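Sequence lines, in order, name chains A, B, C and D. The opening residue of the first sequence carries number 1 in UniProt numbering; numbering runs sequentially from there. The opening residue of the second sequence carries number 1 in UniProt numbering; numbering runs sequentially from there. The opening residue of the third sequence carries number 1 in UniProt numbering; numbering runs sequentially from there. The opening residue of the fourth sequence carries number 1 in UniProt numbering; numbering runs sequentially from there. Backbone N, C-alpha and C fix where the C-beta goes; we use that ideal spot for every residue, glycine too. None of the values given here were measured: they were computed from a predicted structure.
4 protein chains.
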Amino acid sequence: MRWQRRKDARPAEIVDAAISVFTEKGYAATRLDEVAKRAGIAKGTLYLYFDTKEDIFRAAAHHAFESNLDAVGAADSAPWTSLRERLPELLLRLIDVANENRFPAIFRMVISESRLFPDLARIWHDDVASRILDLITTLVVQAQIRGEVRDGDPRLFAFSITGPLLAGMLFRETYGAFSSHTPELQALALQHATTVLDGLMLPAQAQADASTFKSSGVHPDEPRITGASNI
Amino acid sequence: MRWQRRKDARPAEIVDAAISVFTEKGYAATRLDEVAKRAGIAKGTLYLYFDTKEDIFRAAAHHAFESNLDAVGAADSAPWTSLRERLPELLLRLIDVANENRFPAIFRMVISESRLFPDLARIWHDDVASRILDLITTLVVQAQIRGEVRDGDPRLFAFSITGPLLAGMLFRETYGAFSSHTPELQALALQHATTVLDGLMLPAQAQADASTFKSSGVHPDEPRITGASNI
Amino acid sequence: MRWQRRKDARPAEIVDAAISVFTEKGYAATRLDEVAKRAGIAKGTLYLYFDTKEDIFRAAAHHAFESNLDAVGAADSAPWTSLRERLPELLLRLIDVANENRFPAIFRMVISESRLFPDLARIWHDDVASRILDLITTLVVQAQIRGEVRDGDPRLFAFSITGPLLAGMLFRETYGAFSSHTPELQALALQHATTVLDGLMLPAQAQADASTFKSSGVHPDEPRITGASNI
Amino acid sequence: MRWQRRKDARPAEIVDAAISVFTEKGYAATRLDEVAKRAGIAKGTLYLYFDTKEDIFRAAAHHAFESNLDAVGAADSAPWTSLRERLPELLLRLIDVANENRFPAIFRMVISESRLFPDLARIWHDDVASRILDLITTLVVQAQIRGEVRDGDPRLFAFSITGPLLAGMLFRETYGAFSSHTPELQALALQHATTVLDGLMLPAQAQADASTFKSSGVHPDEPRITGASNI
DNA sequence: TATGAATGAGTGTTCATTCAT
DNA sequence: GATGAATGAACACTCATTCAT
Chain A
1 MRWQRRKDAR
11 PAEIVDAAIS
21 VFTEKGYAAT
31 RLDEVAKRAG
41 IAKGTLYLYF
51 DTKEDIFRAA
61 AHHAFESNLD
71 AVGAADSAPW
81 TSLRERLPEL
91 LLRLIDVANE
101 NRFPAIFRMV
111 ISESRLFPDL
121 ARIWHDDVAS
131 RILDLITTLV
141 VQAQIRGEVR
151 DGDPRLFAFS
161 ITGPLLAGML
171 FRETYGAFSS
181 HTPELQALAL
191 QHATTVLDGL
201 MLPAQAQADA
211 STFKSSGVHP
221 DEPRITGASN
231 I
Chain B
1 MRWQRRKDAR
11 PAEIVDAAIS
21 VFTEKGYAAT
31 RLDEVAKRAG
41 IAKGTLYLYF
51 DTKEDIFRAA
61 AHHAFESNLD
71 AVGAADSAPW
81 TSLRERLPEL
91 LLRLIDVANE
101 NRFPAIFRMV
111 ISESRLFPDL
121 ARIWHDDVAS
131 RILDLITTLV
141 VQAQIRGEVR
151 DGDPRLFAFS
161 ITGPLLAGML
171 FRETYGAFSS
181 HTPELQALAL
191 QHATTVLDGL
201 MLPAQAQADA
211 STFKSSGVHP
221 DEPRITGASN
231 I
Chain C
1 MRWQRRKDAR
11 PAEIVDAAIS
21 VFTEKGYAAT
31 RLDEVAKRAG
41 IAKGTLYLYF
51 DTKEDIFRAA
61 AHHAFESNLD
71 AVGAADSAPW
81 TSLRERLPEL
91 LLRLIDVANE
101 NRFPAIFRMV
111 ISESRLFPDL
121 ARIWHDDVAS
131 RILDLITTLV
141 VQAQIRGEVR
151 DGDPRLFAFS
161 ITGPLLAGML
171 FRETYGAFSS
181 HTPELQALAL
191 QHATTVLDGL
201 MLPAQAQADA
211 STFKSSGVHP
221 DEPRITGASN
231 I
Chain D
1 MRWQRRKDAR
11 PAEIVDAAIS
21 VFTEKGYAAT
31 RLDEVAKRAG
41 IAKGTLYLYF
51 DTKEDIFRAA
61 AHHAFESNLD
71 AVGAADSAPW
81 TSLRERLPEL
91 LLRLIDVANE
101 NRFPAIFRMV
111 ISESRLFPDL
121 ARIWHDDVAS
131 RILDLITTLV
141 VQAQIRGEVR
151 DGDPRLFAFS
161 ITGPLLAGML
171 FRETYGAFSS
181 HTPELQALAL
191 QHATTVLDGL
201 MLPAQAQADA
211 STFKSSGVHP
221 DEPRITGASN
231 I
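1) Leaving out the 5 sequence neighbours to the left and right, which residues in its chain are closer than 6 Å to B:V141 when beta-carbon positions are compared?
2) Near C:K43, what residues of its chain come up, given a Cβ to Cβ distance below 7 Å and the 5 sequence neighbours on each side ignored?
3) Of the choices D:A193, D:L165, D:A61 and D:R10, whose alpha-carbon is the least far from that of D:I41?
4) What are the start and end residues of each continuous beta strand (DSSP E) run of 3 or more residues lying completely inside the region 127-205 of chain B, in chain order?
5) Tell me the DSSP secondary structure of D:S20 in three-state form.
6) Could you list which residues in chain C have their beta carbon closer than 7 Å to that of D:Q191, in chain order?
7) For the region 45-74 of chain D, which residues have a CB atom closer than 9 Å to at least one CB atom of chain C, in sequence order?
8) Please state whether the Cβ-Cβ distance between D:A29 and C:A28 is less than 9 Å.
9) Quick one: Cα of D:E24 to Cα of D:R146, how far?
10) Check each candidate in A:F50, A:L91, A:L92 and A:A98 and name the one with the smallest Cα separation from A:E66.
11) Is the Cβ-Cβ distance between A:V128 and A:L90 less than 9 Å?
12) For a test of the three-state rule: what should DSSP assign to B:A28, helix, strand or coil?
13) At a cut of 8 Å, does the region 164-184 of chain C reach the region 158-174 of chain D through at least three beta carbon pairs?
14) Any Cβ of chain B within less than 9 Å of the Cβ of A:L202?
15) Out of B:A64, B:T45 and B:R150, state which residue places its alpha-carbon closest to the alpha-carbon of B:M109.
16) Return the chain-ordered list of same chain residues with a C-beta closer than 7 Å to the C-beta of C:G176, the five sequence neighbours on each side being excluded.
17) Who are the neighbours of B:G199 on chain A, taking C-beta pairs under 7 Å?
18) Going by beta-carbon coordinates alone, are A:F171 and B:L188 separated by less than 9 Å?
19) In chain order, what residues of the region 86-99 of chain A put their CB closer than 9 Å to some CB of chain B?
20) Against B:K25, what residues of chain A qualify as contacts under a CB-to-CB distance less than 9 Å, listed in chain order?
21) On the three-state DSSP scale, how would you describe C:D51?
22) For B:P125 versus A:T174, is the C-beta distance shorter than 9 Å?
23) Within 9 Å of any Cβ in chain A, is that where the Cβ of B:V21 sits?
24) Name the chain B residues that come within less than 9 Å of A:V110, Cβ to Cβ?
25) Taking C:A71 as the reference, which of C:T52, C:T81 and C:R93 has the closest Cα?
26) Could you name the residues of chain A that B:A105 contacts, counting a contact when the two beta carbons are closer than 7 Å?
27) Is the CB of D:V35 under 9 Å away from at least one CB in chain C?
28) I need the straight-line Cα distance from D:R150 to D:L197, nearest angstrom please.
29) For a contact defined as C-beta to C-beta under 7 Å, what are the partners of A:A121 on chain B?
30) Suppose contacts are defined by Cβ-Cβ distances below 9 Å. Is C:A59 in contact with C:V15 by that definition?
31) Which same chain residues end up closer than 8 Å to C:E13 when comparing Cβ atoms and leaving out the 5 residues on each side of it in sequence?
32) By how many angstroms is the C-alpha of B:T52 removed from the C-alpha of B:F117?
33) Within 9 Å of any Cβ in chain A, is that where the Cβ of B:E13 sits?
34) What span of residues does the alpha helix (DSSP H) with C:L83 cover, start to end?
35) So is C:V149 in contact with chain D if we call contact Cβ pairs under 9 Å?
Here it is as structure tokens:
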């Protein structure tokens, strides 16, 4: 923990302020004046605790990663049941935990700064991203062993399971301010749990029924969109 | 008239150079010296074609958006078949088209700069992101009408369908340089097509079989991972 | 005439354009783009006739001085009469000639740039300013010799004679755009001719009369200002 | 608290330095490096106290105007006497006050920059130039009421009274560095006071005498003039 | 320890000058 | 000769970093 210079509260306040500015503006556009202001101190005081702007950024990133890392660890200790029973609540929890730990904003920051700070991207990857994928992958593997889940690369299944939530979070984070199509994350988690478990498809018989229904004269275009859309 | 040709080509050359630097460093960290250097011109020459750095950025963004916008439009005119038949190839095509048009890098840039340039984020949202989601949503709705796809919010289904690919692309883009877990996008597309259509779950009978199998002494931890993983 | 590069019309057009821009904006704020535009040529063409911006400025200044120099010479050959008879028309002519030759604008430019181009200021001084003063000084000396004009430094008399006109011109040039107090130069010339010849003062008897008049009840403040003012 | 003192003094130091550079070089040719250097600070320090170069210029101009404005106000409270008694000392005082307040240099700067900063020219006009003219105009009007001064537009009389001094100041300011004919301002003020009060002309009898005198061969006054001319 | 005034290297932008056509 | 695209040195302005208090 090289980046933690002092034992008292100051560094933590600075780091909190730094996270908020860095996630908001990005590294390059962040002014240390702004960080100091949000931390309630003078700009020069930053240099009592950190050597450079980069130092502050790294400390902020590490701190931000930590809480997410802890959260992943906590999720890991969940009880052992079938995937079908567990997945919906797991996805809901992922969303809650992610929001509690500012995961979307920090993930976005990692995406933005990963070229300038590849070592930080690696830490996030190793400590957070990979761990979440590993957690899901392990669940899938266990379910495969139990015969609950079909054959297939469990790591790709992990993408199938978590990808939509990630996409939803990024959508909110990036377009949330103006898009009316931003998905409701909880609804997404619940519907996706079902979707990924049982698929989009109806059994053939239902399809036949639906075909009959369709031939009875209902317009095939956009009948349910309006009803189901969250616009 | 070698120069005349150059004069016409200059803005495009600059825009190309700009896209490469901006996507690499982000707006704030991009030095116009670097852009000029990559375009093979002097810094002052940039100002013959653009008024400000912001101008260059906007031109670069618009140009980058355009090719993706065109690609989405092209994908839209696909033939009319069942979702089951169409989805795998559609996802494969999405990946190809995305890569051809530097979609991941540009998407990443949009994510990074959306706070500083909300208008650009909106354009990307309206012209690219929303359109892709709309395209998928429409397919789903039509399939629902045909009785092919189950009830549910088709817009959330669109996230279930595209989210994993997006996550995979971002994963490559962000950690690709060092992660050994980066998913193979084509494999992901194919497996995810099946997954999202039919679900992860095996029929109950298969589960019973698998349970039997499992109780026969095989270690439940990571048996197939090594086989299926792309490590 | 080092500054005249070519014999054809081009240089003259450039010089004319240059005078107009330089007098308008000053040396530093003048853009050669603007000069070229007003001359109806491309910027690069300027360099076929002149080596540097300074060169153009010097050529423009010399040309502008020349016409004024010629005008002073012409005024010099005026007929020989008494100062009283000659002064009014002389001042009127000075004003006409000055305006015809853009004297106020050029004088203003000389004032503005005299520190940056002291050699030009010296030329203007020697060729124009001093000559005008010498012309007047000589008239005064001659009048003194004739006993027409009282004792005193004739060079200072020259300031007494020409200063008000100069001040009026500068006033117009500098505040003319917005001041409602800008003097009418012809009226100034005529009234000043009388003033400087015979003085402001009334004979003592007139003063006594006026005092009587005043005691008859007229308000002492601003009675004639409104009537006589040129506002 | 040496610094505290400095901090308070800084803006004034900067403004002083700025006045000196701006009056010397003009706005466009002034380099902020030079201003900083003369103020004994680094370039960046300027921006702790002012936002832009224009800001610094305006502050300098306002400050320079202020002292002249105050000086005009002070002159206004002069005692009430006849114009004949008052004018010589008034003109002498005007010259002293003008020099003390760098009036010539600042007036020159106003002339130079009035096109780029018409609002400043207006302020100078309203606060300084007009006020001086008004002060003189009022004196003249009062003298006219008393019967001391002849009929005529008192505002034009104000030009007749002040113009030579102004011309003399500008002459010094513009050609002072090299002209050997630069008028001595105090001598000019005194001689002009007499001239403008009583006129250049001698009474007819004196003229007759002078003619006689002249014919006797003696030079009546400074026939050195021709010798002193700088033609 | 804390401050915030001061610094100066670095960046975006301008424009006189050059030069291939 | 004439053009105007290209250049690059120079300047206004910013901001991470220093340091006297």
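Let me lay it out:
1) Here the question's residue 141 of chain B lines up with position 141 in the second sequence. Cβ within range, chain order: P154.
2) Taking the third sequence and counting its residues from 1, one reaches residue 43 of chain C at position 43. Within the same chain, C:K43 has close Cβ partners L32, D33 and A36.
3) Position 41 of the fourth sequence, counted from the first residue, corresponds to residue 41 of chain D. Among D:A193, D:L165, D:A61 and D:R10, the Cα nearest to that of D:I41 belongs to D:R10.
4) none
5) Here residue 20 of chain D corresponds to residue number 20 of the fourth sequence, with the count starting at 1. Residue state, collapsed to three classes: helix.
6) Looking up residue 191 of chain D in the fourth sequence gives position 191. The contact set of D:Q191 on chain C, defined by CB atoms closer than 7 Å, consists of G152, D153 and L156 in chain order.
7) Near chain C, meaning a CB-to-CB distance below 9 Å, no residue of the region 45-74 of chain D qualifies.
8) Translated into the one-based positions of the fourth sequence, residue 29 of chain D becomes position 29. Translated into the one-based positions of the third sequence, residue 28 of chain C becomes position 28. Yes, the pair counts as a contact, with Cβ atoms nearer than the cut-off.
9) What you label residue 24 of chain D is simply residue 24 of the fourth sequence in a count that begins at 1. What you label residue 146 of chain D is simply residue 146 of the fourth sequence in a count that begins at 1. Distance between the alpha carbons of D:E24 and D:R146: 45 Å.
10) Here residue 66 of chain A is taken as the residue at index 66 of the first sequence, counted from 1. When only C-alpha atoms are compared, the closest one is A:A98.
11) The residue given as residue 128 of chain A occupies position 128 in the first sequence. The residue given as residue 90 of chain A occupies position 90 in the first sequence. Contact: no.
12) Along the second sequence, read from residue 1 onward, the residue named residue 28 of chain B stands at position 28. Reduced to three states, the DSSP call for B:A28 is coil.
13) yes
14) By 1-based counting over the first sequence, the position of residue 202 of chain A is 202. It does; some Cβ of chain B falls within 9 Å.
15) For the purposes of this step, residue 109 of chain B is taken as the residue at position 109 of the second sequence. Of the candidates B:A64, B:T45 and B:R150, the one whose C-alpha sits nearest the C-alpha of B:M109 is B:A64.
16) Counting from one through the third sequence, the residue named residue 176 of chain C turns up at place 176. Once the five neighbours on either side are set aside, the close Cβ partners of C:G176 are T182.
17) Sequence index remark: in the second sequence, residue 199 of chain B carries index 199 (1-based). V196, L197, D198 and G199, listed in chain order.
18) Taking the first residue of the first sequence as 1, we reach residue 171 of chain A at position 171. Taking the first residue of the second sequence as 1, we reach residue 188 of chain B at position 188. With contacts defined by Cβ atoms closer than 9 Å, A:F171 and B:L188 do not form a contacting pair.
19) L87
20) For this step, residue 25 of chain B is matched to residue 25 along the second sequence. One finds A28, R115 and L116 in chain A with Cβ atoms closer than 9 Å to the Cβ of B:K25, taken in chain order.
21) As a working note, residue 51 of chain C is residue 51 in the third sequence. In this structure, C:D51 counts as coil in the three-state DSSP scheme.
22) Residue 125 of chain B sits at position 125 when you count from the first residue of the second sequence. Residue 174 of chain A sits at position 174 when you count from the first residue of the first sequence. Reading the sequence as shown, one finds His at residue 125 of chain B and not Pro. At the C-beta level, B:H125 and A:T174 come within 9 Å of one another.
23) Counting from one through the second sequence, the residue named residue 21 of chain B turns up at place 21. Among the CB atoms of chain A, none fall inside 9 Å of the CB of B:V21.
24) Taking the first residue of the first sequence as position 1, residue 110 of chain A is located at position 110. Under the 9 Å cutoff, chain B gives T174.
25) As a working note, residue 71 of chain C is residue 71 in the third sequence. Residue C:R93 is the option with its Cα nearest to C:A71.
26) Within the second sequence, numbered from 1, the residue matching residue 105 of chain B stands at position 105. Near B:A105 there are no residues of chain A at all, since even the closest Cβ is about 10 Å away, more than 7 Å.
27) Numbered from 1 along the fourth sequence, position 35 holds the residue referred to as residue 35 of chain D. No, D:V35 lies away from the interface with chain C (no Cβ there is under 9 Å from its Cβ).
28) As a first step, residue 150 of chain D must be located in the fourth sequence, where it is residue number 150. As a first step, residue 197 of chain D must be located in the fourth sequence, where it is residue number 197. Roughly 10 Å separates the two Cα atoms.
29) Taking the first sequence and counting its residues from 1, one reaches residue 121 of chain A at position 121. What A:A121 touches in chain B: T174 and Y175.
30) The count along the third sequence starts at 1 and reaches residue 59 of chain C at position 59. The count along the third sequence starts at 1 and reaches residue 15 of chain C at position 15. The answer is yes: Cβ separation under 9 Å.
31) Indexing the third sequence from 1 puts residue 13 of chain C at position 13. Contacts found: A39, G40 and I41.
32) Residue numbering aside, residue 117 of chain B sits at position 117 when the second sequence is read from its first letter. Residue numbering aside, residue 52 of chain B sits at position 52 when the second sequence is read from its first letter. In a straight line, the C-alpha of B:F117 is about 15 Å away from that of B:T52.
33) As a first step, residue 13 of chain B must be located in the second sequence, where it is residue number 13. It does not; no Cβ of chain A falls within 9 Å.
34) For the purposes of this step, residue 83 of chain C is taken as residue 83 along the third sequence, with counting starting at 1. First-last of the alpha helix (DSSP H) with C:L83: L83 to E100.
35) For the purposes of this step, residue 149 of chain C is identified with residue 149 of the third sequence, where counting begins at 1. Chain D contact via Cβ: present.
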